[in-house]
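Just so you know, the sequences run in chain order H and F.
Residue numbers for the first sequence follow full-length UniProt numbering, so the first one is 1 and each next one is one higher.
Residue numbers for the second sequence follow full-length UniProt numbering, so the first one is 1 and each next one is one higher.
Here the structure comes first, spelled out in structure tokens, and everything after it is commentary.
2 protein chains.
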Amino acid sequence: MTGTSNRSVERAFRIVDELAENGSGRVSELAERLDMPVSTVHNYLQALVSTGYVTVEDKEYATTTRFLEVGHRQRHRLEVFKAVSDELQDIAAETGEHVTLLVEENDQCVIVAVQEGPDAVNLFAYPGARMPLHAAAPGKAILAHMPDDRVREIIDRQGLVEMTKRTITDPDVLFEQLERISEQGYAVDEGERIAGMVCISAPVLDKGDRIRGAICVCGPQSRIDEARREEIAEIVQRAANVTQVNLDYV
Amino acid sequence: MTGTSNRSVERAFRIVDELAENGSGRVSELAERLDMPVSTVHNYLQALVSTGYVTVEDKEYATTTRFLEVGHRQRHRLEVFKAVSDELQDIAAETGEHVTLLVEENDQCVIVAVQEGPDAVNLFAYPGARMPLHAAAPGKAILAHMPDDRVREIIDRQGLVEMTKRTITDPDVLFEQLERISEQGYAVDEGERIAGMVCISAPVLDKGDRIRGAICVCGPQSRIDEARREEIAEIVQRAANVTQVNLDYV
DNA sequence: AGTAAACATTCGGCTCTGCCGAAGACTTCT
DNA sequence: AGAAGTCTTCGGCAGAGCCGAATGTTTACT
Chain H
1 MTGTSNRSVE RAFRIVDELA ENGSGRVSEL AERLDMPVST VHNYLQALVS TGYVTVEDKE
61 YATTTRFLEV GHRQRHRLEV FKAVSDELQD IAAETGEHVT LLVEENDQCV IVAVQEGPDA
121 VNLFAYPGAR MPLHAAAPGK AILAHMPDDR VREIIDRQGL VEMTKRTITD PDVLFEQLER
181 ISEQGYAVDE GERIAGMVCI SAPVLDKGDR IRGAICVCGP QSRIDEARRE EIAEIVQRAA
241 NVTQVNLDYV
Chain F
1 MTGTSNRSVE RAFRIVDELA ENGSGRVSEL AERLDMPVST VHNYLQALVS TGYVTVEDKE
61 YATTTRFLEV GHRQRHRLEV FKAVSDELQD IAAETGEHVT LLVEENDQCV IVAVQEGPDA
121 VNLFAYPGAR MPLHAAAPGK AILAHMPDDR VREIIDRQGL VEMTKRTITD PDVLFEQLER
181 ISEQGYAVDE GERIAGMVCI SAPVLDKGDR IRGAICVCGP QSRIDEARRE EIAEIVQRAA
241 NVTQVNLDYV
């Protein structure tokens with residue numbers, strides 16, 4: 001964990017990040033945005049093209065489907081993804097809402113799979129999308145099953161960023177909630193990440209009680225009252241349970 | 001297009017490729033496989049970790065979900081992907097088979113989206129998966145709508161690799177088929193890429209008649225006889241047509 | 001437990017590579 | 001046609017990456 005790095009690698013991926021950010025990318029445009037000399041950016045782009053991770057058409061550079069490929073390959077090796085199999089689709093059909101599978105990675109909560117039910121609201125949710133752990137139901141479900149000092153580390157490094165007026169920003173409040181979540185077996189958030197959205201999420205644990213991910217259902221507040229919330233909680237917990245069992249056979 | 005490159009970038013992505021290939025990755029293991037000094041590989045991995053594209057847990061290095069993210073972002077900007085919207089799902093439901101959307105990239109045929117119908121055989125098909133253009137129905141559908149000299153260039157660079165006994169390996173035979181495909185509006189292959197598989201594919205063209213991609217249905221030969229084949233051809237062509245129209249509004 | 005073997009990580013001095021200014025080719029405006 | 005902007009090539013220099021060897025750490029075997 002020393003500061004050992006490699007400028008070229010860093011720069012190459014900064015360029016990739018920039019391309020991913022706003023799809024486009026002409027040489028001088030990138031050079032300006034990244035504050036690098038034009039000829040340098042040009043060199044890097046040449047190199048990236050020759051790796052196959054970037055293409056150029058009419059001087060317009062863009063990332064290729066290699067990223068999709070690498071991403072999907074990794075996902076297929078993710079045990080919790082294999083274990084969840086058709087559960088997401090089943091829940092989506094049963095609840096009609098927006099269903100996701102999420103895992104923790106680098107102190108963040110990352111969507112691994114998305115399944116939209118027939119009534120799903122159009123969230124900006126796609127595999128790979130990230131969010132803070134403290135600011136949504138799945139993240140809280142995950143934190144609730146981590147050792148306390150690990151949670152504290154994450155808070156130290158990432159802070160408790162406010163995403164809406166209802167986001168939990170007080171560590172004490174958070175820890176209190178995590179306690180309750182771990183007891184009741186599922187987490188809820190009401191507009192803590194996106195105003196007007198309710199999310200209900202259950203954790204997936206392995207045999208050693210290590211947290212492996214969370215299954216989450218999201219829908220608009222207007223549609224999800226107290227009663228419906230408990231109904232969904234049941235469904236999500238059941239799916240998490242099935243996944244948990246599957247984990248042993250993947 | 002000169003040989004200008006950057007060793008560090010090249011090496012970094014060779015490491016990523018290796019990680020993607022077989023998920024695993026300890027330092028010395030990679031060093032051996034890539035024929036690089038251990039300390040060098042170690043340095044690169046450190047650099048890659050600091051970019052966020054690679055993680056390490058217990059000395060085991062792996063690619064992160066960043067790749068998924070970058071891939072999906074790019075896909076969302078791909079016009080033909082947006083235009084196809086729910087068509088794939090509809091075809092999958094209607095035919096019960098394995099349905100894909102593919103595009104050309106760097107002389108290859110790449111899967112962009114997959115939708116499995118209820119009876120779909122389990123192909124090793126995921127977004128980002130690549131195949132030669134000449135060896136399957138979608139690739140042929142795409143080639144059929146490219147200028148002849150472009151096709152010839154691709155053959156020159158890539159050759160006509162034999163994937164099964166039935167793969168087309170003679171340029172003359174290929175050109176003859178492309179002619180017929182372009183006339184009849186769809187392409188078929190019977191075990192040319194995977195023995196025992198039949199694929200039926202229709203091209204998606206834009207207003208300028210430029211080829212943008214292909215929609216493809218795959219199923220086992222046993223289930224797809226002459227009559228069924230024509231039925232599916234109808235369905236695929238209809239979907240391609242809808243997509244084509246949508247292209248103007250995305 | 002103790003020892004050995006395998007592996008990961010740090011260090012540092014040498015070399016070669018990435019660096020970028022400037023010039024030259026294109027392209028796109030006015 | 002000229003001008004302004006952009007892309008690409010070139011080349012000499014500085015410092016970044018390189019990797020052998022030493023050190024620390026884990027694993028495996030006796």
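Ideal placement from N, C-alpha and C gives every residue a C-beta, glycine not left out.
Extent of the continuous beta strand (DSSP E) run through residue i
{"i": "F/G219", "result": "211-220"}
{"i": "H/I168", "result": "No beta strand (DSSP E) contains H/I168, which DSSP labels as neither H nor E."}
{"i": "F/I111", "result": "108-116"}
{"i": "F/D189", "result": "187-190"}
{"i": "F/L101", "result": "98-105"}
{"i": "F/V56", "result": "54-57"}
Assigned secondary structure, residue i (DSSP; H/G/I helix, E/B strand, else coil)
{"i": "H/D201", "result": "Going by the sequence as given, residue 201 of chain H is Ser instead of Asp. H/S201 falls in the strand class under three-state DSSP."}
{"i": "F/M1", "result": "The predicted position of F/M1 is uncertain, since its pLDDT is 45 and thus under 50; a value taken from the coordinates is nonetheless stated next. F/M1: coil per DSSP, three-state reduction."}
{"i": "H/D35", "result": "coil"}
{"i": "H/I232", "result": "helix"}
{"i": "H/N246", "result": "helix"}
{"i": "F/D206", "result": "coil"}
{"i": "F/H145", "result": "coil"}
{"i": "H/A136", "result": "coil"}
{"i": "H/F124", "result": "coil"}
{"i": "F/R66", "result": "helix"}
{"i": "F/R119", "result": "Rather than Arg, the amino acid found at residue 119 of chain F in this sequence is Asp. In the structure shown, F/D119 sits in coil (DSSP, three-state: anything other than H, G, I, E or B)."}
{"i": "F/A239", "result": "helix"}
{"i": "H/R26", "result": "coil"}
{"i": "F/L45", "result": "helix"}
{"i": "F/L78", "result": "coil"}
Under 7 Å between C-beta atoms of residue i and residue j
{"i": "H/Q237", "j": "H/Y186", "result": "yes"}
{"i": "H/A240", "j": "H/V204", "result": "yes"}
{"i": "F/D206", "j": "F/L178", "result": "no"}
{"i": "F/Y53", "j": "H/H72", "result": "no"}
{"i": "H/I200", "j": "H/I232", "result": "yes"}
{"i": "H/S8", "j": "F/N6", "result": "yes"}
{"i": "H/E192", "j": "H/R166", "result": "yes"}
{"i": "F/V114", "j": "F/T100", "result": "yes"}
{"i": "F/T65", "j": "H/V250", "result": "no"}
{"i": "H/A195", "j": "H/T164", "result": "yes"}
{"i": "H/E57", "j": "F/G128", "result": "no"}
Opening and closing residue of the alpha helix (DSSP H) in which residue i lies
{"i": "F/L88", "result": "87-95"}
{"i": "H/P132", "result": "Unbroken run through H/P132 is the beta strand (DSSP E), 130-132; no alpha helix (DSSP H)."}
{"i": "F/D225", "result": "F/D225 -> no alpha helix (DSSP H), and no H or E assigned at all."}
{"i": "H/Y61", "result": "Premise fails: H/Y61 lies in the beta strand (DSSP E), 60-63, not in any alpha helix (DSSP H)."}
{"i": "H/E18", "result": "7-21"}
{"i": "F/I154", "result": "148-158"}
{"i": "F/V161", "result": "Taken as a continuous stretch (DSSP letters only), F/V161 belongs to no alpha helix (DSSP H), as it is neither H nor E."}
{"i": "F/A195", "result": "That residue, F/A195, is in no alpha helix (DSSP H); it is neither H nor E in DSSP."}
Same chain, Cβ closer than 6 Å to residue i, five either side skipped, listed in chain order
{"i": "F/E190", "result": "V198"}
{"i": "F/I15", "result": "Y44"}
{"i": "H/L48", "result": "V54"}
{"i": "F/V151", "result": "L143"}
{"i": "H/Q89", "result": "Q115"}
{"i": "F/R130", "result": "Q108, V110"}
Contact set for residue i: own chain, Cβ-Cβ below 7 Å, skip 5 residues either direction
{"i": "H/A20", "result": "T63"}
{"i": "H/E97", "result": "G117, D119, A120, V217, C218, G219"}
{"i": "F/H145", "result": "S182, P203, L205, I211"}
{"i": "H/L102", "result": "C109, V110, I111, V112, P138, G213, A214, C216"}
{"i": "H/H42", "result": "V27"}
Neighbourhood of residue i by C-beta distance below 8 Å, restricted to the same chain and skipping five residues each side
{"i": "H/E60", "result": "S24, G25, R26"}
{"i": "H/T2", "result": "Its pLDDT being 48, under 50, H/T2 is placed unreliably in this model, and the coordinates cannot settle the point."}
{"i": "F/V148", "result": "Note on identity: in this sequence residue 148 of chain F is Asp, with Val being the wrong assignment. If we look at F/D148 and ignore the five residues flanking it on each side, its Cβ neighbours are F175."}
{"i": "F/R75", "result": "F81, V112, A113, P127"}
{"i": "F/D209", "result": "H145"}
Using a Cβ cut-off of 8 Å, which residues of the segment 47-78 of chain F contact any Cβ in chain H, in chain order?
A47, L48, S50, T51, G52, Y53, T55, A62, T63, T64, T65, R66, F67, L68, E69, V70, G71, H72, R73, Q74, R75, H76, R77
Which residues, in order along the segment 103-120 of chain H, keep a beta-carbon less than 9 Å from a beta-carbon of chain F?
V103, E105, N106, V110, I111, V112
Report the residues of the segment 82-102 of chain F with a CB closer than 7 Å to any CB of chain H, ordered along the chain.
none
Using a Cβ-Cβ cut-off of less than 7 Å, give me the residues of the segment 122-151 of chain F that come near chain H, in sequence order.
Y126, P127, G128, A129
Beta carbons nearer than 7 Å to chain F: which residues of the segment 21-36 of chain H have them?
G23
Residues, ordered as in the chain, of the segment 5-21 of chain F that lie near chain H by beta-carbon distance below 9 Å:
S5, N6, R7, S8, V9, E10, R11, A12, F13, R14, V16, D17, L19, A20, E21
With 8 Å as the limit, tell me which residues of the segment 217-249 of chain F have their beta carbon closer than that to any beta carbon of chain H; keep them in chain order.
none
Near-chain F residues of the segment 156-190 of chain H - C-beta to any C-beta below 9 Å:
none
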